[in-house]
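Note sheet for the following structure.
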Amino acid sequence: MGWDIDVPGDATHIGTARIRSQLSTAQRLIARKTGNLPSVDAGFDEIADGVGAPSVGGTKAKASKYGNRKCEADGIEFDSERERSRYFDLKRMQAAGIISDLRLQVSFEIAPAVVMDGKRKRARTYVADFVYRRDGKQVVEDVKGMKTPVYSLKRHLMRAVHGIEVQEV
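Numbering (my numbering), first residue to last: 23 to 191.
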């Protein structure tokens, strides 16, 4: 499946979303040792590599604080099924020409770095789930289940600092 957004071939992340490798564990190890990429259909056994193998007596993954489950689509990891579903909606809208310039996990600076008590404090940012153009205007979207106090503050600062109204989906 091809990408509908521009992603450099060597990219490992888009914003905070991780792009998964198309190679199996064994293929990656061979490539690291030999410097040569094995063909994708080399017949490696994923289960023997430990990829996708059932866990035996392992610990369970920690449940999400807000009940969402991380999931993946097009090699991109999403924080929730709802966010992934919105991604598919936006991809269809872009393919139909309704929106353009779809970007994921776009960072906005909402407070610059400062020095306090002789220590430099980093700039504060807000990371939007999706940014795109519709009818010639930039739209910033955040897929929200639970509105935290930190999110409310960041949304307020986006409006105050950048004049951008974050659309909640």
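Where is the CB? At the ideal position from N, CA and C, for every residue including glycine. Note that this is a predicted model, so its numbers are computed, not measured.
- Query: Quick one: Cα of D96 to Cα of G140, how far?
  - Reply: 45 Å
- Which parts of the stretch 93-150 are runs of the beta strand (DSSP E), unbroken and 3 residues or longer, counting only runs that do not cross its ends? 93-95, 98-100, 122-133, 136-138, 141-143
- Message: For V183, report the span of its beta strand (DSSP E) as first-last.
- Response: First-last for V183: undefined, no H or E at that position.
- Item | Minimum Cβ-Cβ distance from T47 to chain E less than 8 Å | In the structure shown, chain E cannot be found, because there is only a single protein chain.
- Item | Member of L59, T38, A39 whose CA lies at the smallest distance from the CA of T47 | L59
- Query: Can you give the Cα-Cα distance for D101 and A53, rounded to whole angstroms?
  - Reply: 30 Å
- Message: Whole angstroms are fine: how far does the CA of E190 sit from the CA of A118?
- Response: 22 Å
- Query: Would V161 pass as a contact of Y154 if the rule is Cβ separation under 8 Å?
  - Reply: yes
- Message: Considering Cα atoms alone, identify which of N90, I132, S174 is closest to G192.
- Response: Residue 192 lies beyond the residue range present for the chain, which begins at 23 and ends at 191; the question has no answer from this structure.
- Message: Just to check my reading of the structure: V149 and V128 have Cβ atoms closer than 8 Å, yes? What is that Cβ distance to the nearest angstrom?
- Response: 7 Å
- Query: Which residues in the same chain have their Cβ closer than 7 Å to the Cβ of R144, if we skip the five residues on either side of it in sequence?
  - Reply: A135
- Query: Taking C-alpha atoms, which residue in R146, D157, G158 lies nearest to R177?
  - Reply: R146
- Leaving out five residues before and five after G37 in sequence, what residues of the same chain have Cβ atoms less than 7 Å from its Cβ? Here the set comprises L126, Q127, V128, S129, V149.
- In this structure, what does DSSP give as the bridge partners for V161? BP columns for V161 point to Y154.
- Query: With 16 other CB atoms within 10 Å as the buried threshold, where does M192 fall?
  - Reply: This structure cannot speak to residue 192, because the chain is shown only from 23 to 191.
- Query: Using CA coordinates, which residue listed in S122, F152, G89, I120 is at the minimum distance from S107?
  - Reply: Comparing Cα-Cα distances from S107 to each of S122, F152, G89, I120, the minimum goes to F152.
- Task: Measure the alpha-carbon distance for V188 versus L175 and round it to whole angstroms.
- Result: Those two C-alpha atoms are separated by around 12 Å.
- Where do the N-terminal and C-terminal ends of the alpha helix (DSSP H) with I52 fall, by residue? 47-56
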